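Novice: Just so we're aligned, residue 4 is where the sequence shown starts under my numbering, counting upward by one.
This is the structure, below, for whatever I ask next.
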Amino acid sequence: MGNSYLTLNHVQVSIASALMFLSALLSFYLGLKITKSILIASIRTALQLFAMGFLLQWVFKTESKIAVTCVLIVMTLVAAWTSTSRCARPFPGVLLNSVLSIWTSSWALLAYGNFLVFENPDGYNPQYVIPLLGMILGNSLNGISLALDRFTEELFSKRDQVELSLSLGATSWEAAQPALRNAIRTGTLPILNSMMVAGVVSLPGMMTGQLIAGVSPLEAVKYQIVIMFLIATSTILGALIVSGLGYKKLFNQWHQFEYWKVGSKK
């Protein structure tokens, strides 16, 4: 098998872009009211990816540790903000909770994969750390967002049950446990579903990219297994941390549920 890969020119990319215009036309014709969203999402995707491509070309050439660190920090903060913006019932400190949870979980697994799995002595090699963190963040933010949204919704919608448990002598931890469990379960469900069908129903993105680039299928499989295990662990850890921090924020030391802190549903 050759190690060459097919390069795409701007015309070929434009041909693929035509599919999104077709999707927009179908949306308009069917009255789905998502035509504008499709067009905005398509334009943002292209602009953001091209911008990142030019940035990574420069970072890969310079291999500056400061530049790599800045890119990683910006990626993490944007992921944290994105996960918070999806929360239907925000509360004071939710953004900080999101930053702490996604930063802790994603960077911990980045370090684990970089130093122990890939045995990369140079922890700032942009070829490894930027794509690796990007894949971890992309999945972790979804898990954290789902867990956060489910946790606040569970507590708010079942406030009577929570307060009844507290009035009967339960601690805040005991009263919040059902919501915590459901939140963590909800946050981790998508990645677990993906793992269940990986290689049978779908070929994950990293493996597909390596196969197109001419990498041996067995080598691509090993990389994909490692990535999926890192992503799954980071997602579970992130969902656990963000739910735990939310619990600490919404229950006080007197075992009272401070429901008034939970915002109205967006």
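Glycine included, C-beta positions come from ideal geometry on N, C-alpha and C.
Since we're looking at a predicted model, the values are computed, not measured.
Out of curiosity, what's the CA-to-CA distance linking Ile18 and Leu11?
Specialist: Cα to Cα, Ile18 sits roughly 11 Å from Leu11.
Novice: Would you decide whether Ser170 is buried or exposed? Buried here means 16 or more other CB atoms lie within 10 Å of its CB.
Specialist: With fewer than 16 Cβ atoms within 10 Å of its Cβ, Ser170 is classed as exposed.
Novice: Residues in its own chain within less than 7 Å of Ile147 by CB, not counting five upstream and five downstream?
Specialist: Answer for Ile147: Ser86, Ser101, Ser104, Ile105, Gly190, Gly241, Ala242, Val245, listed in chain order.
Novice: With distances taken between CB atoms, is the gap from Ala223 to Gln213 smaller than 8 Å?
Specialist: In contact: Ala223 and Gln213 (Cβ atoms closer than 8 Å).
Novice: Give me the Cα-Cα distance between Arg98 and Trp84, rounded to the nearest whole angstrom.
Specialist: What sits at residue 98 in the sequence shown is Leu, not Arg. Cα-Cα distance, rounded: 7 Å.
Novice: Where does Phe63 fall in DSSP's three states?
Specialist: Residue state, collapsed to three classes: helix.
Novice: Do Ala91 and Asp152 have their CB atoms nearer than 8 Å?
Specialist: The answer is yes: Cβ separation under 8 Å.
Novice: Pop quiz: Phe94 and Leu253 are said to be a contact at Cβ under 8 Å. What is the actual Cβ separation, rounded to whole angstroms?
Specialist: So it is a contact: roughly 6 Å between Cβ atoms.
Novice: Looking at the secondary structure, which residues open and close the alpha helix (DSSP H) in which Tyr115 lies?
Specialist: Note, Tyr115: premise wrong, no alpha helix (DSSP H); not H, not E.
Novice: Taking only the alpha-carbon atoms, compute the straight-line gap between Pro130 and Pro193 and give it to the nearest angstrom.
Specialist: It should be noted that the sequence gives Gln, not Pro, for residue 130. So the two alpha carbons sit approximately 27 Å from each other.
Novice: Would you kindly check if the distance between the Cβ of Tyr262 and the Cβ of Arg162 is under 8 Å?
Specialist: For Arg162 and Tyr262, yes; Cβs fall inside 8 Å.
Novice: How many angstroms separate the CA atom of Ser30 from the CA atom of Val165?
Specialist: Approximately 43 Å between the Cα atoms of the pair.
Novice: Could you give the DSSP three-state label for Phe31: helix, strand or coil?
Specialist: Helix.
Novice: Under a three-way DSSP split, which group does Ala201 fall into?
Specialist: Here Ala201 sits in strand by DSSP.
Novice: Which whole-angstrom value is the C-beta distance of Gly249 and Phe154, which I expect to be below 8 Å?
Specialist: Correct: roughly 5 Å between the Cβ atoms.
Novice: Candidates Ser237, Ser45, Lys251, Trp257: which alpha carbon is nearest Ala114's?
Specialist: Nearest of Ser237, Ser45, Lys251, Trp257 to Ala114, Cα basis: Ser237.
Novice: Tell me, please, which residues DSSP counts as bridged to Phe254.
Specialist: Beta-bridge pairing links Phe254 to Phe260.
Novice: Cβ atoms of Ile41 and Ala27: under 8 Å apart, would you say?
Specialist: Their beta carbons are under 8 Å apart, which means Ala27 touches Ile41 by this criterion.
Novice: Is the beta carbon of Ile133 closer than 8 Å to that of Leu22?
Specialist: No; because the gap between Cβ atoms is not below 8 Å, this pair is not in contact.
Novice: I need the straight-line Cα distance from His258 to Ala178, nearest angstrom please.
Specialist: Each residue's alpha carbon lies about 9 Å from the other.
Novice: State yes or no: is the C-beta of Leu112 within less than 8 Å of the C-beta of Ile76?
Specialist: Contact: no.
Novice: Measure the Cβ-Cβ separation of Ile234 and Asn128 and say whether it is below 8 Å.
Specialist: No, Cβ-Cβ distance for Ile234 and Asn128 is not below 8 Å.
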